[in-house]
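Undergrad: Numbering (our numbering), first residue to last: 1 to 208.
Cβ atoms here follow ideal geometry from the backbone N, Cα and C, with glycine treated the same way.
Remember, predicted model here, so these are calculated numbers, not experimental data.
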Amino acid sequence: MTACIAGDQEALEEADEEGLCTLVEPFWADLPHAKIFTSFPPDLLHQIYKGVFKHHIFTWCQALTGKAVIDQHYKSMPPHPSLCHFSCGISGISQWTGTEAKHMEKVFFGAVADLIPAEAMKAVTAIPDFIYLAQYKSIDATDLSHMDIALATFHKHKDIFIKKGVQDHFNIPKVHSLVHYTSSIQLHGTPDGYNTESPERLHIDFAK
């Protein structure tokens, strides 16, 4: 990036290929004690519910099983008063809400049981473990340790998705963001305090 700022054309072209943009004088450059990267706390709604779990974990498993098969498993789930029954399956839902993603997650393991390889199951079960810990209203050092263990378990087994051809790499910003959750929680507090799910609800009342 230093070469890009200096105007090196070759470096600029390489950065462009990688999707990187130069920012010569960022607004925080002269702010004393400013560390911009600590100003982006975790976002449960977009990073976890709709991001890592729905857009990545679920999509990879769906690629392994096929849409019709996983839809049938969701439709076959017996109704329960505390659960959302996806009577029409889930592949046809185009605009997911955080609530729908959480309901889908609750019965996900029952839906994919025996459909995906054991190695993949170990990887995907680690993510909800991480998620449920991250959404606690009170998190202590033991919880943070369990979050790190769950994330390490996912990374240990995730390569099965590459072996099965459903994913080329794991250079995914939202997946990478999970690495920073425990340090961010120590710095800012529990993620429920800055989850965008709450202000998103205001769109219904004030923007629509």
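Along the chain, where does the alpha helix (DSSP H) that runs through C61 open and close?
TA: Unbroken alpha helix (DSSP H) run through C61: 59-65.
Undergrad: How is C84 classed by DSSP in three states: helix, strand or coil?
TA: The answer is coil: DSSP assigns C84 none of H, G, I, E or B.
Undergrad: Would you mind listing the alpha helix (DSSP H) stretches within the segment 92-178 that are 4+ residues and don't spill past its ends, in chain order?
TA: Listed in chain order, the complete alpha helix (DSSP H) runs (minimum 4 residues) inside the segment 92-178 are 98-106, 108-112, 118-134, 141-157, 160-163, 173-177.
Undergrad: Please report the straight-line C-alpha distance between G165 and D159, rounded to a whole angstrom.
TA: The straight-line gap from Cα to Cα measures roughly 10 Å.
Undergrad: What does the alpha-carbon distance come out to for the pair L44 and P191?
TA: Answer to the nearest angstrom: the Cα atoms are 7 Å apart.
Undergrad: If you reduce the DSSP assignment to three classes, tell me which class T190 lands in.
TA: Looking at T190 - three-state DSSP - the assignment turns out to be coil, as it is neither helix nor strand.
Undergrad: For F130, which residues from the same chain have a beta carbon less than 6 Å from its beta carbon, with the 5 sequence-adjacent residues on both sides left out?
TA: Cβ within range, chain order: M147, A150, L151.
Undergrad: Compare the Cα-Cα distances from F161 to each of P32, K67, W60 and report the closest residue.
TA: The candidate whose alpha carbon is nearest that of F161 is W60.
Undergrad: Alpha carbon to alpha carbon, how far is C88 from L187? Give it in angstroms, no decimals.
TA: Straight-line Cα distance between these residues: approximately 43 Å.
Undergrad: Can you grab the Cα-Cα spacing for the pair Y194 / I57, in whole Å?
TA: So the two alpha carbons sit approximately 23 Å from each other.
Undergrad: Could you tell me the alpha carbon to alpha carbon distance between L144 and T182, rounded to whole angstroms?
TA: So the two alpha carbons sit approximately 6 Å from each other.
Undergrad: Since A101 and L64 are thought to touch, with beta carbons under 8 Å apart, how far apart are those beta carbons, to the nearest angstrom?
TA: At roughly 19 Å, the Cβ-Cβ gap does not stay under 8 Å, so A101 and L64 are not in contact.
Undergrad: How would you call Q72, buried or exposed, if buried means at least 16 neighbouring beta carbons within 10 angstroms?
TA: That one is exposed.
Undergrad: Between G98 and K50, how many whole angstroms is the CB-CB distance? I'm expecting something under 8 Å.
TA: Confirmed, about 6 Å.
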